[in-house]
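*Asks:* Let me give you the structure first, and then I'll get to my questions.
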Amino acid sequence: MTSSTTETVAVPATSTKLAAGQKHRVLSGMQPSADSLHLGNYIGALVNWVRMQDEYDAIFFIPDLHAITVPQDPAELAQRTRVTAAQYIAGGVDVDKCTLFVQSQVPEHAQLAWVLNCITGFGEASRMTQFKDKAQKQGTDQASVGLFTYPILQAADILLYQPHGVPVGEDQRQHVELSRDLANRFNSRFGETFQVPEAFIQKESAKIYDLQNPTAKMSKSAESPAGLINLLDDPKTTAKRIKSAVTDTETEIRFDREAKPGISNLLTIYSTISGQPVEKIVADYEGKMYGHLKVDLAELVTNHLAPIRERAHELLADPAELDRLLAHGADKARGIAAATLADVYAKVGFLPYGGAR
Ligand code: ATP
Ligand code: LTN
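Numbering follows this note's numbering, in which position 283 of the sequence shown is assigned residue number 395; successive positions increment by one, without gaps.
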């Protein structure tokens with residue numbers, strides 16, 4: 113397998129040269145699989161996306177085709193797709209600076225996925241660890257073929273847009289590697305077609321842990337919601353969850369991921385939301401109790417999330433306008449995706465529609 117990773121969102125020295133005024137392209141997405149994003153999604157992904165949209169030609173999308181690889185209630189899926197879009201925008205994704213769309217509204221994703229399915233080895237797909245984990249949870253016989261080919265659809269999402277970088281969490285590294293392998297394979301079989309993308313892996317410092325179980329990452333699939341901070345929760349719930357966060361029996365506020373995972377997690381949240389380095393926060397809280405830190409952090413987080421929550425609700429109150437913004441994004445995306453797909457179709461030998469060009 114080819115391997116390439118950067119520890120930050122900076123473009124590595126090996127990246128493609130650009131023409132004057134041109135920006136490197138990045139692309140990423142988060143599934144619409146919950147009623148709210150949580151603080152891990154926000155700090156680990158969204159904040160980073162928002163930061164990137166000035167420096168990069170950024171494309172963000174909502175992978176609803178991926179969502180149906182496991183059973184979904186149709187009305188709930190539609191609602192969660194809008195809610196996810198609203199949170200992207202409320203969190204700072206600016207539809208005038210970047211391209212934001214819903215995957216199922218750009219049919220080229222499914223079309224390219226088919227071609228990529230046909231150049232992926234069965235054994236190669238079988239080695240994808242996320243499939244193994246998810247399939248095991250459902251009982252392997254019950255898992256859908258769509259779940260099996262999930263990473264190939266993800267490769268199509270990426271390769272259609274010729275991005276240089278794909279900002280994702282460590283858990284998605286293997287899928288980006290597969291995209292690279294498929295891009296290289298297609299290019300060598302059919303001629304130069306795809307940009308070979310690089311994984312921009314989120315920094316460890318952007319990882320947020322469950323407030324009740326601070327050695328496990330904050331996750332929507334956690335057993336109990338008590339350790340989760342959701343962007344759309346009311347401030348009282350958020351404050352209560354922060355104040356009830358599991359810590360340790362010492363009293364000293366210091367950063368030590370191993371010995372003090374609970375306090376270290378609170379310090380990470382404090383630092384990323386306030387923009388202050390952890391060392392400064394630790395110095396400011398010298399001699400103070402855990403309770404002080406929790407009360408202040410609850411206020412900091414609820415104040416920070418309040419305008420995001422309000423904006424998301426405003427956007428959701430006008431679904432027609434939200435759908436219009438998404439349709440505009442899908443049109444922009446299709447402009448790029450259709451060109452790549454036409455090239456791919458011609459290269460594999462599909463007849464051009466309506467005759468030779
Ligand atoms: P699940 O646990 O059910 O797989 P999730 O809540 O972890 O879901 P994903 O949909 O897997 O969320 O992740 C969407 C994005 O959010 C990814 O880029 C992922 O790296 C990031 N992310 C998810 N959880 C965290 C976390 N606890 N800390 C930092 N980033 C996170
Ligand atoms: N599998 C990813 C979501 C996803 C994605 C993509 C991310 C689907 N297609 C393309 C980056 C690029 C996840 O679960 N986080």
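We put the beta carbon where it would ideally sit given N, CA and C, even for glycine. These figures come from a predicted structure and were not determined experimentally.
For H287, which of helix, strand or coil comes out of DSSP?
*Replies:* Locating residue 287 in the sequence shown gives position 175, counting from the first residue. Note: H287 maps to helix in three-state DSSP.
*Asks:* To which residues of the same chain is A458 closer than 8 Å at the C-beta, ignoring the five residues directly before and after it?
*Replies:* If you number the sequence shown from 1, residue 458 lands on position 346. Closer than 8 Å at the Cβ level, and outside the excluded window around A458, lie P464.
*Asks:* Would you say L151 and I341 are within 8 Å of each other, going by their C-beta atoms?
*Replies:* As a first step, residue 151 must be located in the sequence shown, where it is residue number 39. As a first step, residue 341 must be located in the sequence shown, where it is residue number 229. Result yes, Cβ atoms of L151 and I341 sit closer than 8 Å.
*Asks:* Do P431 and R194 have their C-beta atoms within less than 8 Å of each other?
*Replies:* Within the sequence shown, numbered from 1, the residue matching residue 431 stands at position 319. Within the sequence shown, numbered from 1, the residue matching residue 194 stands at position 82. Contact flag set, yes.
*Asks:* So what does DSSP say about T196, is it helix, strand or coil?
*Replies:* Counted from its first residue, the sequence shown places residue 196 at position 84. The answer is helix: DSSP assigns T196 an H, G or I state.
*Asks:* Could you give the C-beta distance for P144 and T211, rounded to a whole number, given that I count them as a contact under 8 Å?
*Replies:* For this step, residue 144 is matched to residue 32 along the sequence shown. For this step, residue 211 is matched to residue 99 along the sequence shown. Not a contact, Cβ separation roughly 17 Å.
*Asks:* Would you say A334 and D322 are within 8 Å of each other, going by their C-beta atoms?
*Replies:* Here residue 334 corresponds to residue number 222 of the sequence shown, with the count starting at 1. Here residue 322 corresponds to residue number 210 of the sequence shown, with the count starting at 1. Yes. Within cutoff.
*Asks:* Select from L224, L265 and T305 the residue whose C-alpha is nearest the C-alpha of F243.
*Replies:* What you label residue 243 is simply residue 131 of the sequence shown in a count that begins at 1. It is L265.
*Asks:* Since L181 contacts L259 with CB under 8 Å, what's their CB separation in whole angstroms?
*Replies:* Here residue 181 refers to the residue found at position 69 when the sequence shown is read from its first residue. Here residue 259 refers to the residue found at position 147 when the sequence shown is read from its first residue. Leu is not the amino acid found at residue 181; the sequence shown has Thr there. T181 to L259, Cβ: 4 Å. Contact.
*Asks:* Quick one, which of G203, D176 and I201 has its alpha-carbon nearest R192's?
*Replies:* Along the sequence shown, one-based indexing puts residue 192 at 80. Ranking G203, D176 and I201 by Cα distance to R192 puts D176 first.
*Asks:* Taking DSSP's pairing of strands, which residues face P326 in a bridge?
*Replies:* For the purposes of this step, residue 326 is taken as residue 214 along the sequence shown, with counting starting at 1. Beta-bridge pairing links P326 to no other residue.
*Asks:* Which complete alpha helix (DSSP H) runs does the region 359-437 hold, if anything under 4 residues is left out?
*Replies:* For the region 359-437, whole alpha helix (DSSP H) runs of length 4 or above, ordered along the chain, are 373-386, 390-396 and 402-428.
*Asks:* Going by the beta-carbon positions, is the gap between A454 and F213 smaller than 8 Å?
*Replies:* Translated into the one-based positions of the sequence shown, residue 454 becomes position 342. Translated into the one-based positions of the sequence shown, residue 213 becomes position 101. No, they are not a contact pair.
*Asks:* What separation, rounded to the nearest whole angstrom, lies between the Cα atoms of T252 and A237?
*Replies:* Walking along the sequence shown from the start, residue 252 turns up at place 140. Walking along the sequence shown from the start, residue 237 turns up at place 125. For T252 and A237, the distance between alpha carbons rounds to 15 Å.
*Asks:* Report the rounded CA-to-CA distance for Y402 versus T363, giving the unit in angstroms.
*Replies:* What you label residue 402 is simply residue 290 of the sequence shown in a count that begins at 1. What you label residue 363 is simply residue 251 of the sequence shown in a count that begins at 1. When rounded, the distance between both Cα atoms is 7 Å.
*Asks:* What is the rounded straight-line gap between the Cα of T241 and the Cα of L130?
*Replies:* Along the sequence shown, read from residue 1 onward, the residue named residue 241 stands at position 129. Along the sequence shown, read from residue 1 onward, the residue named residue 130 stands at position 18. Distance between the alpha carbons of T241 and L130 is about 35 Å.
*Asks:* So, G277 versus F312, is the Cβ gap smaller than 8 Å?
*Replies:* Reading the sequence shown from its first residue, position 165 is the one you call residue 277. Reading the sequence shown from its first residue, position 200 is the one you call residue 312. The answer is yes: Cβ separation under 8 Å.
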